[in-house]
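This report refers to the structure that appears directly beneath it.
Numbering (UniProt numbering), first residue to last: 1 to 115.
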């Protein structure tokens, strides 16, 4: 029987994986990983949110990284399939950056996106 490996909904760059490892090294004791979700927020409808998670939810996607477990909210996966998540730092800002082929538009401030 052949086992097919299904690619993750979101590709993590080495920078994103390093940031997840850094977050997990400072995580609260009960945290089991970090989770990406897309709550309704902002002027375009959906936003990206990364938070610590203390328990697995049934439909969340689970991605094992060298520095810790990364979860994708089950209700958000359809909005994120094919996306790349990176961690970018410069002299003025630092944060996760998303290249999301499903986003049909974004607000001017970059806070939210629409699908």
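Just so you know, even glycine gets a beta-carbon here, dropped at the ideal spot from N, CA and C.
Residue i classed as buried or exposed, judged by whether at least 16 other C-beta atoms fall within 10 angstroms
i	result
residue 25	exposed
First and last residue of the uninterrupted beta strand (DSSP E) at residue i
i	result
residue 37	33-37
residue 18	Segment 14-25 is the alpha helix (DSSP H) holding residue 18; no beta strand (DSSP E) there.
residue 69	68-72
residue 79	Looking at the DSSP string, residue 79 is not in any beta strand (DSSP E); the run it does join, the alpha helix (DSSP H), is 77-80.
residue 45	Note, residue 45: premise wrong, no beta strand (DSSP E); not H, not E.
Backbone CA spacing between residue i and residue j [nearest angstrom]
i	j	result
residue 61	residue 9	8 Å
residue 27	residue 49	16 Å
residue 92	residue 22	20 Å
residue 65	residue 17	6 Å
Worksheet item: Counting pairs of beta carbons, one from the segment 18-36 and one from the segment 49-69, are three or more of them closer than 8 Å?
Response: yes
Item to complete: Could you tell me whether the segment 9-19 touches the segment 78-93, using the rule of 3 or more Cβ pairs below 8 Å?
Response: yes
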